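Sequence lines, in order, name chains A and B.
Residues 72 to 359 in the working numbering are what the first sequence spells out, letter by letter.
Residues 20 to 302 in the working numbering are what the second sequence spells out, letter by letter.
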Amino acid sequence: MKEPFVETRELSYRYESADAAEPRVLRDLSVTIGKGEFVAVLGHNGSGKSTFAKLLNMILTPTGGKVFVMGKDITDENMTDEEVLALRKRMGMVFQNPDNQLVATIVEDDVAFGPENLGVPSKEIRRRVDEALSELGMSDYATHEPHRLSGGQKQRVAIAGILAMLPDCIIFDESTAMLDPVGRKEVMDAVVRLNREKGITVIMITHYMEEAALADRIIVLNDGRVLLDGSPEAVFEEEALLRSCGLAVPQCTELVHRLREAGIPLDGACVFPEQCAELIMKSLNKER
Amino acid sequence: MSELKLENLSYFHGKGTPYEIKALDGIDLVIPRGMITGLIGHTGSGKSTLVQMFNGLLRPDEGRVLLDGVDIWEKPKTIRQVRFRVGLVMQYPEYQLFEETVAKDIAFGPRNMGLGEEEIRVRVEEAAAFAGLDRALLDKSPFDLSGGQKRRAAIAGIIAMRPEVLVLDEPAAGLDPRGRDEIFANIVRYQESTGSTVVIVSHSMEDMARYCDNLVVMNGGKVVMQGDRDYIFSRSERLSEIGLDIPQVTRLMLRLKEMGVETDGGIYTVEQAVEKMLKLYGR
Numbered sequence: 072m073k074e075p076f077v078e079t080r081e082l083s084y085r086y087e088s089a090d091a092a093e094p095r096v097l098r099d100l101s102v103t104i105g106k107g108e109f110v111a112v113l114g115h116n117g118s119g120k121s122t123f124a125k126l127l128n129m130i131l132t133p134t135g136g137k138v139f140v141m142g143k144d145i146t147d148e149n150m151t152d153e154e155v156l157a158l159r160k161r162m163g164m165v166f167q168n169p170d171n172q173l174v175a176t177i178v179e180d181d182v183a184f185g186p187e188n189l190g191v192p193s194k195e196i197r198r199r200v201d202e203a204l205s206e207l208g209m210s211d212y213a214t215h216e217p218h219r220l221s222g223g224q225k226q227r228v229a230i231a232g233i234l235a236m237l238p239d240c241i242i243f244d245e246s247t248a249m250l251d252p253v254g255r256k257e258v259m260d261a262v263v264r265l266n267r268e269k270g271i272t273v274i275m276i277t278h279y280m281e282e283a284a285l286a287d288r289i290i291v292l293n294d295g296r297v298l299l300d301g302s303p304e305a306v307f308e309e310e311a312l313l314r315s316c317g318l319a320v321p322q323c324t325e326l327v328h329r330l331r332e333a334g335i336p337l338d339g340a341c342v343f344p345e346q347c348a349e350l351i352m353k354s355l356n357k358e359r
Numbered sequence: 020m021s022e023l024k025l026e027n028l029s030y031f032h033g034k035g036t037p038y039e040i041k042a043l044d045g046i047d048l049v050i051p052r053g054m055i056t057g058l059i060g061h062t063g064s065g066k067s068t069l070v071q072m073f074n075g076l077l078r079p080d081e082g083r084v085l086l087d088g089v090d091i092w093e094k095p096k097t098i099r100q101v102r103f104r105v106g107l108v109m110q111y112p113e114y115q116l117f118e119e120t121v122a123k124d125i126a127f128g129p130r131n132m133g134l135g136e137e138e139i140r141v142r143v144e145e146a147a148a149f150a151g152l153d154r155a156l157l158d159k160s161p162f163d164l165s166g167g168q169k170r171r172a173a174i175a176g177i178i179a180m181r182p183e184v185l186v187l188d189e190p191a192a193g194l195d196p197r198g199r200d201e202i203f204a205n206i207v208r209y210q211e212s213t214g215s216t217v218v219i220v221s222h223s224m225e226d227m228a229r230y231c232d233n234l235v236v237m238n239g240g241k242v243v244m245q246g247d248r249d250y251i252f253s254r255s256e257r258l259s260e261i262g263l264d265i266p267q268v269t270r271l272m273l274r275l276k277e278m279g280v281e282t283d284g285g286i287y288t289v290e291q292a293v294e295k296m297l298k299l300y301g302r
C-alpha cells in the first residue's frame, strides 16, 4: 500500500434537517486513499458520493467518525484556522457546473484568484498561472473571456485555477456531467495526465462508467456504504451487483459477459473496445 | 398527430453586430409525426438553437417553421398557442421550478392555458404519473425533492399541457444509469399512449440508439445526416469525424474490422453485437 493521503474511519453524516428516522447519508465509511492514486467513486444519485467528497474537502463536517489528511485529524476540534487552511490548500475541488466556479472576466485572472488569496507574491503568481494554463493546454486563451469558452475549456480553466495553488490532490465532483463528448475527453485527458505525470492524487466522482474505467481503483458506494472496492476490471465483473444498485457496466464488458454465458471461452476482464477486440481475436484464432 | 417542418431555415446569433454568427444555416427538415426523433450534434452544432425554433422561442431570420402545414409565425400575436402545442423541456429544467408545491408547479402551464380547476387537477395527476413522479410528492415543496425527482417534476409540467409535440433537451443529463433508463422509459410510454411526436436532444449515442426511431445529425448549423438507426450507425466513421461519441460496441466492431474480422456496420447495441459475434464463432 502506498503512503495514505486521506483516510476515513467510520465516517458518518446525517443532514441537519433530517429527522431521526431518515437514514444517514454515510454510514461508518472507512476507506484509505493512497498518495498519487487515481480513484473513481461510483454510486447512484443519493448514494452519498457527493457528501463523501465534501467531507474530504472539509466543506461539510462529519456527524460521526474521523477524517485524516496526510496523517492529520481534520475532524479534531482543536485544529487552528491556519492548520485547516494549510490542509485545504492541498486539496482542490472541481464541481459540476463550469459556470458556477469561474469568477474573473479574463481567463488568467481567474487562474490567479486562488494563489492571490493565499498571499503568493505576484511574480510567483505569474509563473504559476502560466505553468498551469500550459499544463491544461489553455495558454492561447490566457486573455480570453471565460464565458466565451466551450464547457470543456471552462472546466480546464477551473482545473488550472486549482493547479496554481499547487495541490497534492484534486477532487472532481461530476466535473464532466454537463459537457459534450469532446469536452469530456478534453477534461479526462487532463485529469489522467495530472495524475500520471504530476503525481497528483485524483478522487473522481462520476456517472460515466468509461471514465471510471480510466482510474486505478473504483469505489462503489451504495446506501452510504462501500459496496465494492477494487480495480476497474474486478469491479465491472460484478455486473449483477452493480445493476441491482442502479449502475451499469460498459457495453464491452456486458458483451463479454453475454458471450461467456453463451459458452464462448473468453479469459480476462475487459472494459475498453481495444481490449475487447484483442480478447475476441485471441479466442477466435484459437477456435479456428 | 402533428408534424413539424422546417423550410430553408436560417438564424444568426447577434445579428447586425460584429459578433454575428450563423447558428442555423439553410435547414430543411421534417420531424415525422408520431415517432421519437433524436437530435444529435456536439456543442455549438446548433441543436439547442434549433429546438427553440420548434415552439417559437426564437424567430427564424430566414425560412419558415410549419406546424401541420401552417407557418407558426403567420400571426405572431398567437405564438403563445404554438407554445402550448409544442412543449419544450429545456436543459436542466429543475432550475426553473419555482412554486410552493410540486402540484402547483405542474399546474402552471395548464393554468396559463385557461383551463378549469377540475381539468387542471386531472392533468396534474396524469402528468405526474407519466413522468414517474410519486403522488405523495405532489404536496411537497419542489426544493425538497432529489435531483432526479425535480427533473421529473419539470417534465411533468410540460406534459400537463398535453403537447402534440414534446421536445426534450438532454432530459437525462446528470442522472445515474437507472435514472436515465426510467426517464427514457417514461418518455417512450408517453409517446406510445398519446401518439405524440417526440424530439429528444442528447449527447449519449447509446441512449439515442436505444430509444429513437429516427435520427437527425447536426454539424456547423446544418443537418448533415438523417435516417433510421441502422442507416446512421452504419456511418460511424463519419460520426466520429464530426466529434460525436459512438457506442462502445460500434467502436469494437470498427476495431475488429481493422484487425481483419468481417463485421458489418450498423451495430450499436449489445444484443446486436452478441448476435453478430455468435455467428462469427459459428454458434
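The beta carbon of each residue, even a glycine, is placed where N, CA and C say it ideally should be.
Predicted model, so just to flag it, every value in this text is computed and none were measured.
Task: Rounded Cβ spacing between residue 244/A and residue 165/A (contact assumed at less than 8 angstroms) - done: 7 angstroms
Task: residue 283/B versus residue 78/B - alpha carbon distance - done: Taking the Cα positions, residue 283/B is about 43 angstroms away from residue 78/B.
TODO: Would you mind stating whether residue 179/B and residue 143/B have Cβ atoms separated by less than 8 angstroms?
DONE: Going by C-beta atoms, residue 179/B is nearer than 8 angstroms to residue 143/B.
Task: Cross-chain neighbours of residue 116/A in chain B, by beta carbon under 7 angstroms - done: 165, 166, 167, 194, 195, 198
Open item on the list: On a Cα-Cα basis, can you pick out the residue from 211/A, 200/A, 242/A that is closest to residue 231/A?
Closed with: 200/A
TODO: Taking residue 347/A as the query, report the chain B residues whose CB atoms sit under 7 angstroms from its CB, ordered along the chain.
DONE: 271
TODO: Provide the residue(s) that pair with residue 84/A in DSSP beta bridges, ordered along the chain.
DONE: 97/A
Task: Contact set between the region 50-77 of chain B and chain A, restricted to residues whose Cβ is under 8 angstroms from the partner - done: 61, 62, 63
Open item on the list: For residue 324/A and residue 298/B, what's the separation of their Cα atoms in angstroms?
Closed with: 19 angstroms
Open item on the list: Is the beta carbon of residue 130/A closer than 8 angstroms to that of residue 272/A?
Closed with: no
TODO: With distances taken Cα to Cα, identify the nearest neighbour of residue 278/B among 321/A, 344/A, 238/A, 236/A.
DONE: Ranking 321/A, 344/A, 238/A, 236/A by Cα distance to residue 278/B puts 344/A first.
TODO: Compare the beta carbon distance of residue 85/B and residue 26/B with 8 angstroms and say whether it is the shorter of the two.
DONE: yes
Open item on the list: With a threshold of 8 angstroms between beta carbons, is residue 32/B in contact with chain A?
Closed with: no
Task: Residue from 301/B, 270/B, 258/B, 271/B whose Cα sits closest to the Cα of residue 60/B - done: 258/B
TODO: Return the chain-ordered list of same chain residues with a C-beta closer than 8 angstroms to the C-beta of residue 168/A, the five sequence neighbours on each side being excluded.
DONE: Excluding residues within five positions, the ones whose Cβ falls inside 8 angstroms are 249.
Open item on the list: I want to see whether chain A comes within less than 8 angstroms of residue 225/B, judged by CB atoms only; does it?
Closed with: yes
TODO: Output, in sequence order along the chain, the residues in the region 247-266 of chain A whose CB is closer than 9 angstroms to any CB in chain B.
DONE: 248, 249, 250, 251, 252, 253, 254, 255, 256
Task: Nonlocal neighbours in the same chain, by C-beta distance under 6 angstroms from residue 183/A, ignoring five residues either side - done: Same-chain partners within the cutoff: 196, 200.
Open item on the list: Using C-beta distances below 6 angstroms, list every residue in its chain close to residue 327/A, excluding the 5 sequence neighbours before and after it, in chain order.
Closed with: A distance below 6 angstroms between beta-carbons, with the five flanking residues on each side excluded, links residue 327/A to the following residues of its chain, in chain order: 337, 341.
Task: Other residues of its chain near residue 308/A: CB distance less than 7 angstroms, five sequence neighbours each side excluded - done: 340
- [ ] Just tell me which of 111/B, 35/B, 41/B, 54/B has its CA closest to the CA of residue 213/B.
- [x] 54/B
Task: Terminal residues of the beta strand (DSSP E) in which residue 188/B lies - done: Taken as a continuous stretch (DSSP letters only), the beta strand (DSSP E) holding residue 188/B covers 184-188.
Task: Beta-carbon proximity check, residue 224/B vs residue 161/B, cutoff 8 angstroms - done: no
Task: Inter-residue Cα distance where the pair is residue 120/B and residue 346/A - done: 50 angstroms
Open item on the list: Counting C-beta neighbours from all protein chains within 10 Å, is the total for residue 95/B 16 or more, i.e. buried, or is it exposed?
Closed with: exposed
- [ ] Would you decide whether residue 278/A is buried or exposed? Buried here means 16 or more other CB atoms lie within 10 Å of its CB.
- [x] buried
- [ ] Could you check how far apart the C-beta atoms of residue 242/A and residue 274/A are, in whole angstroms? I think they sit under 8 angstroms.
- [x] The beta-carbon distance between residue 242/A and residue 274/A, rounded to whole angstroms, is 5 angstroms. This is short enough to meet the 8 angstroms contact definition.
Task: Close Cβ partners of residue 198/B (< 6 angstroms) along its chain, the five nearest in sequence each way excluded - done: Hits under 6 angstroms: 167.
- [ ] Determine the DSSP secondary structure at residue 231/B, reduced to helix, strand or coil.
- [x] coil
- [ ] Starting from the C-beta of residue 202/B, find all residues in its chain whose C-beta is less than 6 angstroms away, skip the five residues before and the five after it, and write them out in chain order.
- [x] 190, 191
Task: Minimum C-alpha distance to residue 250/B - residue among 285/B, 36/B, 262/B - done: 285/B
Task: Nearest-angstrom Cβ-Cβ length linking residue 102/B and residue 75/B, presumed shorter than 8 angstroms - done: Right, their Cβ atoms sit about 6 angstroms apart.
- [ ] Establish whether the CB of residue 358/A and some CB of chain B are separated by less than 8 angstroms.
- [x] yes
TODO: Taking residue 186/B and residue 271/B to be in contact with their CB atoms under 8 angstroms, please state how far apart those CB atoms are, rounded to whole angstroms.
DONE: Contact doesn't hold; Cβ gap of about 33 angstroms is too wide.
- [ ] Measure from the alpha carbon of residue 49/B to the alpha carbon of each residue in 33/B, 23/B, 37/B, then state which is nearest.
- [x] 23/B
Open item on the list: Under DSSP, the beta strand (DSSP E) around residue 32/B begins and ends at which residues?
Closed with: 23-32
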